[in-house]
Each structure stands twice: as C-alpha cells, then as structure tokens.
Amino acid sequence: MKPLFSFLLIGLIVIASSCGDDDEPTPDVVSPFQEWASASVDGINVKLLGQERFFVGYNTMMLEVFDNNDNPITGEVKITPMMDMMTMSHSAPLEYTHGQALNAGGSLEFATVFVMPSGEMGTWTVNVEVLDKMIEVPVEILQPEYSKLTSFVDQVDGSTKYFVAMIGPKDPQVGVNDLEVAVYKRQSMMEWPAVTNMTMELEPWMVSMDHGSPNNVAPVHTGNGHYSGKVNFTMTGDWQIRLDLLQNGELCGEPYFDIFFQ
Amino acid sequence: MKARLLLMLMLGLGWSALAQKETAYLTWLDSMASSSYIAMEITLDELQINHETDDGLLSTDKRRYTMRNTDQLLHHLPGVSMVRRGSFANEPMLRGLTSERYVLSIDGMRVFGACTDKMDPGSAYIEPISLDGIDVSFGGQGNMLGSTTGGSVNFNLKKPIFNAERPWMGQFSTNYGSAAGSFDQAVDFNYSKDRWAVRLSGVHRKAHNYTDGNGEEVRYSQYEKINYAGALYYRLTDNDLLTFDFVGDDAWDVGYPALPMDVSSAKAKMYSVGWIGTNLWRFERPEVKVYHNSIDHEMDDTNRDTVAMHMDMPGTSSTSGGYFKGVLTSSSRQQLSFKADYFTNLSYAEMTMYPNDPSELPMFMLTWPNIRRSQAGMELDYQRSLGELWQLHTTARLDEARTSIDSDFGERQLNVFGRSGTEVRKEQLINTSVNLSFRPGKRLTTTFKVSYGERVPSVSEQFGFYLFNVHDGHDYLGDPDLEKERNLHFEIVESFKSNRLQLDANLFMYRFDNYIMGIHVPEYQVMTIGAQGVRWYTNVGNATMLGGELRGAYELSRSSRLSSEMKYVYGKDFEDDPLPQMPPFKVNTAFDQQWLGINWRTELEWASAQHRVSEKFNEPTTPSYYLVNLRINKSFEVNDNSIGLGLGVDNLLNESYREHFDIGRILRPGRNFYIDLKARF
Ligand SMILES: [Cu+2]
Ligand SMILES: [Cu+2]
Chain G
1040 MKPLFSFLLI
1050 GLIVIASSCG
1060 DDDEPTPDVV
1070 SPFQEWASAS
1080 VDGINVKLLG
1090 QERFFVGYNT
1100 MMLEVFDNND
1110 NPITGEVKIT
1120 PMMDMMTMSH
1130 SAPLEYTHGQ
1140 ALNAGGSLEF
1150 ATVFVMPSGE
1160 MGTWTVNVEV
1170 LDKMIEVPVE
1180 ILQPEYSKLT
1190 SFVDQVDGST
1200 KYFVAMIGPK
1210 DPQVGVNDLE
1220 VAVYKRQSMM
1230 EWPAVTNMTM
1240 ELEPWMVSMD
1250 HGSPNNVAPV
1260 HTGNGHYSGK
1270 VNFTMTGDWQ
1280 IRLDLLQNGE
1290 LCGEPYFDIF
1300 FQ
Chain R
101 MKARLLLMLM
111 LGLGWSALAQ
121 KETAYLTWLD
131 SMASSSYIAM
141 EITLDELQIN
151 HETDDGLLST
161 DKRRYTMRNT
171 DQLLHHLPGV
181 SMVRRGSFAN
191 EPMLRGLTSE
201 RYVLSIDGMR
211 VFGACTDKMD
221 PGSAYIEPIS
231 LDGIDVSFGG
241 QGNMLGSTTG
251 GSVNFNLKKP
261 IFNAERPWMG
271 QFSTNYGSAA
281 GSFDQAVDFN
291 YSKDRWAVRL
301 SGVHRKAHNY
311 TDGNGEEVRY
321 SQYEKINYAG
331 ALYYRLTDND
341 LLTFDFVGDD
351 AWDVGYPALP
361 MDVSSAKAKM
371 YSVGWIGTNL
381 WRFERPEVKV
391 YHNSIDHEMD
401 DTNRDTVAMH
411 MDMPGTSSTS
421 GGYFKGVLTS
431 SSRQQLSFKA
441 DYFTNLSYAE
451 MTMYPNDPSE
461 LPMFMLTWPN
471 IRRSQAGMEL
481 DYQRSLGELW
491 QLHTTARLDE
501 ARTSIDSDFG
511 ERQLNVFGRS
521 GTEVRKEQLI
531 NTSVNLSFRP
541 GKRLTTTFKV
551 SYGERVPSVS
561 EQFGFYLFNV
571 HDGHDYLGDP
581 DLEKERNLHF
591 EIVESFKSNR
601 LQLDANLFMY
611 RFDNYIMGIH
621 VPEYQVMTIG
631 AQGVRWYTNV
641 GNATMLGGEL
651 RGAYELSRSS
661 RLSSEMKYVY
671 GKDFEDDPLP
681 QMPPFKVNTA
691 FDQQWLGINW
701 RTELEWASAQ
711 HRVSEKFNEP
721 TTPSYYLVNL
731 RINKSFEVND
741 NSIGLGLGVD
751 NLLNESYREH
761 FDIGRILRPG
771 RNFYIDLKAR
781 F
C-alpha cells in the first residue's frame, strides 16, 4: 500500500503546487462600470462611472445623463476635465473613444488622462456640457501605488512637456503581455493633443537583479496617440518598463513605469 | 577462489554464453583475493535470480568494501569517472558522457534526480551494502534498460537469501576517515524461514569539511545521511517468487563547495513489487515488476556568507513504471528474449529569489514547469552461436516518448521564447546493436560491436528555465522543440586470457548526430547575478568521440596479483573544438599481496594533464596528478563469525589535485587515513 500512498502524496503535491498558480492574476477581464461621482443642475443629473476609482493615468469612463424622471437624455455632449489649482487651472487629455453623442440609454463611453492627483495642490472636476447646460462634476483622483502616468520634457527642444500613460497590461503576469501606452503633449493649459508620430524602443528591466527579458515588441502607433507592443516578463517581482521615445530619429525622452506582480 | 575472481573479470567480455552484455563488476580494481572474507552467496537453491548477468559470483567479493560509498565503487569501474560538486552524490560519467546521455536505473527501475543543478544523480540514493552489483554498458549497448546514446548504469539490489545455514544472518561495519572526520556505520540483516526471506539494512554517514592536499579546509563539504533498504521475498513454489523491495534515503546538511548552494534536505523513496517465475505462456524465466519512486530535493544557501541574493529552490521528481521480461526460445545454440517496459516521470522545480533590500518583493519562476514524460518501449535480444568460432548477439528496441508540461505559468514562461509545451510531443526512438564475437582459440576473443542509439532530450535540455551552470558560468534554457539525439557507436574489443594473465583492450568511436549542447545566445541577458551569458540547448550537428581502454591482470604468484587499467577519451564538437569535460589519459594500477596472513594492497593512480579544453565553455586546463593509496586488511574467524579489520591511507603523498571534469576547480581530499571494521554473524 506504500506505493499507493506515495502516489496519493505525489498527487497532493501536484495539486498543492497547482493551487499556488491560482494566486496569479487572471488575464484581463473587462470589469463592470461603477458610479464614482455625480452632480445635478436644473433637472439634469450627471453620473460618472469608471471601472475602478479614478486615478492619475488613462481612465476609461462612462457618462450617464438622466432627467429627474430617470429618463435618459440623448444628444451631443462636450466633456472637459479641469483641475483648479488656486492660482491657475488646467485641463487634461480627453479622448472621445465612442464619439460625442449620448446613446439612446443616455450614456457615452470616453477616456480621460488625469495628470495629477487631487489633494492640497488642487481639485478636479469633469465639466459636462449638455442641452446648453454646464454641469461640473467634482471627482477625486487617486495616485496609484505604481504610477501609470509619467511625463518628461522634450530633450530636443527643451520645452515641450509630454505625458505618457500606460493603459496595459492591467494585470501583468509572467509571459507575454500586451503593452499599450498613450502619448500626449501639453500644448497649452487647455490643449492636450495626442502625439501620433513617436517611434519607441522598449526594454523591461528587473532592477533588483539587473536583467531584462528577451523578445519584446516595441510599441507602434495604432491611432489616437495609442501605441501597442508586447512586453515579456520571465519571473514575478518588481519590473520597470523602460521606453525610449524618438521623434524623427532623435531621442525625446526616456519614460519608465514601475510595475509589480506576484 | 582466485580462479573465480579471474573468471569474473573475464565475464564482461568473455565467451561465457549469457554474459555477452558488457557487465562491469564491482570487483574489478577492488578485488583483493581473500577467500576468508567471502560474504553471502546469492543462491536460491537451484534458482538463479540474476539470470541476466549469469553469476552467483557477483556477490563474493564486494562486501569487503561496504563502507566505501557508492561513488567510490563507481569511480573504480572501467570507463566510469565521477564528476564532483562536493563530497556527496557525485555524478557518474560514462566515457566522458554525463547523466543526460545514459540510462540510470536501480534494479530496472528508472530514477530521475530532483535537482536542476545535478546535485542528486540516482546513484546518490543507493548504498553498497544493499547492492549485489553494478552493470555498466556503453553507447547503444545499454538499450535493455531504455533508449540511450551513452550507455546505462544499473544497480542490482541485494536479494534476501533463502534457506541459509542460519535463520538469522547479518553484518555490521563501521569506519572512520581522517580527511573529513567521517564516521559511518552500516548494518545488514537477513532472515529466512520456510518460504520467506527478508533482508533489512541501514546506513548512517556523517562527514565534516574535508581537508585538501594543500592542508586547506574545504568549506561546505560536510554531509549527513541515513539510508534504509529492505526486501521481502516469498516463494510461491520452488522456483516462483513474489518480491517486494524498498529503498529510503534521507540526507541533510549537505554541502556543495563547487556550487553556490547547499542542500538542506534530499529525500528519496523507492518501492517495487515483482514476480519471478519459471514459465508463463511461451516465456521462460518471466519477470514482472511495477515500481514507484519519489525524490524531494531542497536547496539552501542560508549558510553561505556571500550570496548576491537568497534563494529557495525546491524540486521534486516522481517516477512510476513497470516491465515484463522473459526468454522466448532458448537452446544451447541460441536464445531470444523479450522485454517491454514503461515509465512515467513528473519533474517540478521552482525558484524564489529574495532581494537583499527587504522593501523589494520576492521573485518567482518555475525552473522545471511540471514536466510529464512517459516512455514505453519493447525490446528483443537475440544471441546465437554461428559455428564453432563465432557468436552473434543483437538487440533491437523501439520506444515512444511523450513529453508535455502541465503548468499555465510554465507555458507563459515558454511563450516569451516563442515556444509552447502544453501540447504532447511524441517521439519514436530506435535503438539497436549487433555484437559479433570471434574466438579462434582458447585464449583470444575479438568482439566487433556496432550500435545505434537515440534519446529524447533530458527535462533540463527540453524545459529547463534559466538553470545556472557553475561549470561555464552560464544560464541555460531548454528548448521544447529539440529533436532526438542519435549516436552511432563502433567498438572493437580484444580479450586475452591465460592461466595467469588476462588482458582486455578496446577501441571505440562514437559519432553523434543532432548532438545536444548549450549554444550562447548573445542577445539574451543573464538571469543569475554574476552569470556570463545565456545558452540555449540546441541540436548542434555532429560530435565525435574516440577512445580506448586497456585492462590487465597478472597473477604473479598464488598470493600476489597485479592489475591495471588505462583509459582515454578524445572528443570534438561540431566546430572541431574539444568537447568539454573530457577525461584525460589515466592509469590505475593495483598490487595485491597476501603476506603474513594479511592482505596488502597498493594502488597507484596517475592522470595526465588536460590541455585540450573547450574555450567556448570557459573550461580551465587541469594539471596532471599522481596518487598512492595503501591498504592492509585482515580477517579473523571467531566461532562461526568473521571479523575483518582494515587500515589504509588514500592519497598518501597528500597530492593537491582535482580531476579535469570536477566542477568549480575544488580540490579533492588530501591524505586520508582510515580504519574500518566489519563483523559478519
Ligand atoms: Cu529576476
Ligand atoms: Cu539541488
């Protein structure tokens, strides 16, 4: 019976070790939208939804507009994120991913790249213009533990400020991950256009062991300032996604993102 | 008695009908011709269990050296060298080929170590006191045990004795060695009654750091272990047996001075149940066995002063399998035997790295991602006499191997390299050999051997993930898409035997195709801190090995005997560069004499320098060395018991030396005085 027993034992070891695998993040699943902010003006009720609490970085958001009877309001909207910093105020990159019209359900999906957290420095609102009314929805923007937004000043002209948001991987794991970043520049306090002509080089780096990973695919532009590539991780732990951004063959900046997973 | 010893030496290559398989006996260099220290014979009345090797002779001599460990026994076998990483669990190497290339089995059970760094070859789990013998074969000749390109090593477990003179028998031995302050004990019992026979043995070994030939203490060379083994045999009829065997081995606090890590625990358990009969359907002497073994291996670096990063690296390997064999037709002129075997192995190893900065988080990877390999094979073995002068022995074997990994995590790791392992890979393997012996007279035999062997990659070669190899300082990656390696092997053996002299000489050539070797990939970065590069296991094309062995024994008088062995291997890879870890020219000579009722033995060992090294593998050259070992041994009979006392010194001249293929340029032990005591009751 001993062999049988050790058969079982081995079975248990195998099960135990495969249970360990359960702790790994499961691949990206689109999480449902949840309401995080709302405001009402003259019988127009505006809700802002997000897949997680709004953070510094690229937020996929949903706008819902209803009247007092909970009937959806449709039509064109204009959305403007604004940060009030006492002495000045500024906007942030905004992307109409699904056009500018509220659908029959009164909702519209869009994306905003908040560039600073809320706090002593200032407060954020998302301003919604609909039916000739302006509704200012106060939102709270958190700074994530591992930054998903980084900025740099163009090394060529020494003045243009670029913002790079990491959209994915949302749940990084060992293996091949889809890497998506979006690049914007601050043209003025109110103008934050997408940058579409960057070329990129990519190097993931494990700082504590001083090594990278092979066979990565540098992100290339896919539209609206979004760049897609592949980033490979050979083990769990602390990684840096290091990017070189070039314009016309000249290095503009070397932004990086710290990520960590187990 | 001496005649029998000589006969034994001849058996490996001689004419003796069923012993054509090249079987190397423990006794080769250790054979001190003392008839007073005969250990237990393995005879089951008329039934000869060990048909394959055809010997009741096997057991007669080796037990005198029970306290020498298995590594030392292997070291003395022709064509075998031992790769050292420390004092413990050296890796057997057959004519310069390491464990990927040969089949290792224990009583026909396949055993695969659980260490990604080769700290635990299967031989580490076997003690001489539970051995009847060791069979070694080379090239494709080893295919009775499995498909192979480099040969095979099989450890025959000791069988319990039926109908012994006394129901209880046993032996006890102990020894002390000065170089490592080592102290070992072993005990063995046999009990038989009616239809039952039982044996049980236990071994304990403990060694501290040894001192090398420069008088320096070699840190992290200590070890401690226990081993327990037993067998329970039941006789159904006079010649039919039911068998149960087990082996357990438990080692802890094992240092590996050549490696960056030690072992905190290495545990093995092996079980088998079998039946040996006289007839079954058309088969004579049928034998069936099913088995299971499991190995748990824990590496440890917490005792090291300087580690770049603390790591945990546990590994497990478990193997289950079985075989059937029997003789289909047998006459005085010919014999056809059949064997079918199957095993399935699961290998798993992981690595967790802890950064020195506690604010950084641990890192994890799978170094063996739950690799499942199953292999089934069938073999025919045919021997016949062709007239008076010629004898033919041929084998043919067909296997199918299936390999896959069962781990999402491991699969994603592989994806990084554009590889996948979850789909089962099937590989058919053909192994065949033809040996033709010619014996024109009574004294001279010439044997021509041709064999063709194929093997699947080892689990490390196929699925290893950043395995650090200290020998060349590189991280190694497996490649799931590797193809099978092939070897064509030619050998000529010339044997001469007269009353007083026997000589065996052979010349061999191996021609590998699809040879598997790590190739540096410059664009890949190392994972291990301090490593110099990454190598990917690749089918590189050809590799060639040439070599020869010469063995001789001469009986100077009734009480003195001179024996000697020489060996050399030359190897080159696909780029005509030297293959790494090739043994240089080496000579072992022993002189045995009985004088004043005492056995005296003098051994000389000389190895030439090795300057033919592989620069690709950063291989260092190795200087020549010269060793002198002395030993005296005396046995006393007290009533019906016997006591044997041995005194000796290894490396008398305190030479500071290492063998060429040793890992990490660690010197072997310096002068070692030892004393051993054995009692048989
Ligand atoms: Cu790392
Ligand atoms: Cu190990």
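Taken in order, these protein sequences are the chains called G and R.
Using my numbering, the first residue of the first sequence is number 1040, and each one after it goes up by one.
Using my numbering, the first residue of the second sequence is number 101, and each one after it goes up by one.
C-beta atoms are modelled at their ideal positions from N, C-alpha and C, and glycine is treated no differently.
Got a sec? Which residues, its chain only, sit under 8 angstroms from R/D145 by beta carbon, not counting five neighbours each side? Within the second sequence, residue 145 of chain R is the residue found at index 45, counting from 1. Confidence at R/D145 is low in this model, with a pLDDT of 22, below 50, so its placement is unreliable and no value can be given for it.
Chain G beta carbons: is any one of them nearer than 8 angstroms to that of R/Q513? For the purposes of this step, residue 513 of chain R is taken as the residue at position 413 of the second sequence. Output row for R/Q513: interface = yes.
What does the alpha-carbon distance come out to for the pair R/P260 and R/S365? Here residue 260 of chain R is taken as the residue at index 160 of the second sequence, counted from 1. Here residue 365 of chain R is taken as the residue at index 265 of the second sequence, counted from 1. Cα to Cα, the separation comes out at about 30 angstroms.
Whole-Å CB distance - R/V211 paired with R/T416, under 8 angstroms assumed: The residue labelled residue 211 of chain R in the question sits at position 111 within the second sequence. The residue labelled residue 416 of chain R in the question sits at position 316 within the second sequence. Wrong, their Cβ atoms sit about 13 angstroms apart, outside the cutoff.
With respect to the alpha helix (DSSP H) encompassing R/Q546, which residues constitute its N-terminal and C-terminal limits? Taking the second sequence and counting its residues from 1, one reaches residue 546 of chain R at position 446. Reading off the sequence shown, one finds Thr at residue 546 of chain R, where the question assumed Gln. No alpha helix (DSSP H) contains R/T546, which is instead part of the beta strand (DSSP E) from 544-555.
Burial state of R/I775 (16 or more Cβ within 10 Å): Numbered from its first residue, the second sequence carries residue 775 of chain R at position 675. Per the 10 Å Cβ criterion, exposed.
In the stretch 248-277 of chain R, which residues sit with their C-beta less than 8 angstroms from some C-beta in chain G, listed in chain order? none
Is the beta carbon of R/M465 within less than 7 angstroms of some heavy atom of ligand 2? Residue 465 of chain R sits at position 365 when you count from the first residue of the second sequence. Flag unset: Cβ of R/M465 not near ligand 2.
Report whether the distance from the Cβ of R/H397 to the nearest heavy atom of ligand 2 is below 7 angstroms. Numbered from 1 along the second sequence, position 297 holds the residue referred to as residue 397 of chain R. Indeed, a heavy atom of ligand 2 lies less than 7 angstroms from the Cβ.
Which same chain residues end up closer than 7 angstroms to G/D1060 when comparing Cβ atoms and leaving out the 5 residues on each side of it in sequence? Along the first sequence, read from residue 1 onward, the residue named residue 1060 of chain G stands at position 21. Bear in mind that the predicted position of G/D1060 carries a pLDDT of just 41, short of 50, making it too unreliable to give a figure here.
Against G/G1249, what residues of chain R qualify as contacts under a CB-to-CB distance less than 8 angstroms, listed in chain order? Taking the first residue of the first sequence as 1, we reach residue 1249 of chain G at position 210. Rather than Gly, the amino acid found at residue 1249 of chain G in this sequence is Asp. Correct list: I629.
Can we count R/D217 as close to ligand 2, meaning its CB is less than 7 angstroms from some heavy atom? As a working mapping, residue 217 of chain R is identified with position 117 in the second sequence. The answer is yes for R/D217.
Would a check of beta-carbon distances place G/V1213 closer than 8 angstroms to chain R? Looking up residue 1213 of chain G in the first sequence gives position 174. So, interface residue.
With respect to 7 angstroms, is the separation between the Cβ of R/V782 and the closest non-hydrogen atom of ligand 2 below this value? Outside the shown range of chain R (101 to 781) lies residue 782 of chain R, about which nothing can therefore be said.
Hey, how far is the Cα of G/M1155 from the Cα of G/T1119? Position 116 of the first sequence, counting from 1, holds the residue named residue 1155 of chain G. Position 80 of the first sequence, counting from 1, holds the residue named residue 1119 of chain G. Rounded to the nearest angstrom, the two C-alpha atoms are 15 angstroms apart.
Under a three-way DSSP split, which group does R/T170 fall into? As a working note, residue 170 of chain R is residue 70 in the second sequence. Note: R/T170 maps to helix in three-state DSSP.
Using a beta-carbon distance below 8 angstroms, is G/S1267 in contact with chain R? In the first sequence, the residue the question calls residue 1267 of chain G occupies position 228. No, G/S1267 lies away from the interface with chain R (no Cβ there is under 8 angstroms from its Cβ).
Using only the alpha-carbon positions, how far apart do R/L486 and R/I619 sit? Counted from its first residue, the second sequence places residue 486 of chain R at position 386. Counted from its first residue, the second sequence places residue 619 of chain R at position 519. About 48 angstroms.
Quick one: is G/Y1198 near chain R, going by C-beta distance under 8 angstroms? Here residue 1198 of chain G refers to the residue found at position 159 of the first sequence. Here residue 1198 of chain G turns out to be Ser, not Tyr, going by the sequence shown. So no, G/S1198 is outside the interface.
Coarse secondary structure for R/N569, derived from DSSP in three states: Working through the second sequence from its first residue, we reach residue 569 of chain R at position 469. The answer is strand: DSSP assigns R/N569 an E or B state.
Just the Cα atoms here: how many angstroms apart are G/N1098 and G/A1131? Locating residue 1098 of chain G in the first sequence gives position 59, counting from the first residue. Locating residue 1131 of chain G in the first sequence gives position 92, counting from the first residue. Cα to Cα, the separation comes out at about 12 angstroms.
Can you check whether the C-beta of G/C1291 is within less than 8 angstroms of a C-beta belonging to chain R? As a first step, residue 1291 of chain G is located in the first sequence; it is residue number 252 there, counting from the start. So, not an interface residue.
Between the Cα of G/T1275 and those of R/F464, R/D572, R/A643, spot the shortest distance and give me the residue it belongs to. Counting from one through the first sequence, the residue named residue 1275 of chain G turns up at place 236. Checking every option, the nearest Cα to that of G/T1275 belongs to R/F464.
Tell me the DSSP secondary structure of G/P1208 in three-state form. Stepping through the first sequence from its first residue, residue 1208 of chain G is reached at position 169. Looking at G/P1208 - three-state DSSP - the assignment turns out to be coil, as it is neither helix nor strand.
Just how far apart, CA to CA, sit R/A331 and R/M219? Counting from 1 along the second sequence, the entry for residue 331 of chain R is found at position 231. Counting from 1 along the second sequence, the entry for residue 219 of chain R is found at position 119. Their Cα atoms are separated by approximately 27 angstroms.
Quick one: any contact between the stretch 709-720 of chain R and the stretch 729-745 of chain R, if contact means 3 or more CB pairs under 8 angstroms? no
Residues that R/M465 contacts on chain G, provided the C-beta gap is smaller than 8 angstroms: Locating residue 465 of chain R in the second sequence gives position 365, counting from the first residue. Correct list: V1213, T1273, M1274, T1275.
Selection from R/Y576, R/R512, R/V669 that minimises the alpha carbon distance to G/V1215: The residue you call residue 1215 of chain G lines up with position 176 of the first sequence. Measuring from the Cα of G/V1215, the nearest candidate turns out to be R/R512.
Starting from the C-beta of R/T532, find all residues in its chain whose C-beta is less than 6 angstroms away, skip the five residues before and the five after it, and write them out in chain order. Residue numbering aside, residue 532 of chain R sits at position 432 when the second sequence is read from its first letter. The answer, listed in chain order, is A496, Y552.
List the residues of chain G whose Cβ lies closer than 8 angstroms to the Cβ of R/F517, in chain order. Locating residue 517 of chain R in the second sequence gives position 417, counting from the first residue. Residues of chain G passing the Cβ test: P1253, N1254.
CB of R/L174 within 8 angstroms of CB of R/I226, strictly: As a first step, residue 174 of chain R must be located in the second sequence, where it is residue number 74. As a first step, residue 226 of chain R must be located in the second sequence, where it is residue number 126. No. Outside cutoff.
Any beta carbon from chain G within less than 8 angstroms of R/P462's own beta carbon? Here residue 462 of chain R refers to the residue found at position 362 of the second sequence. Yes, because at least one Cβ of chain G sits closer than 8 angstroms to the Cβ of R/P462.
Could you tell me whether any Cβ in chain G is nearer than 8 angstroms to the Cβ of R/Y624? One-based indexing of the second sequence puts residue 624 of chain R at position 524. Chain G, which has a Cβ nearer than 8 angstroms to the Cβ of R/Y624, makes this yes.
So with CB distances below 7 angstroms, who are the chain G contacts of R/P455? For the purposes of this step, residue 455 of chain R is identified with residue 355 of the second sequence, where counting begins at 1. Here the neighbours are S1247.
Can you confirm whether R/F509, when its beta carbon is compared against all beta carbons of chain G, has any partner nearer than 8 angstroms? On the second sequence, position 409 is the one that residue 509 of chain R refers to. Closer than 8 angstroms to some Cβ of chain G, the Cβ of R/F509 qualifies, so yes.
Can you list, in chain order, the residues of the stretch 1104-1117 of chain G whose Cβ is nearer than 9 angstroms to any Cβ on chain R? none
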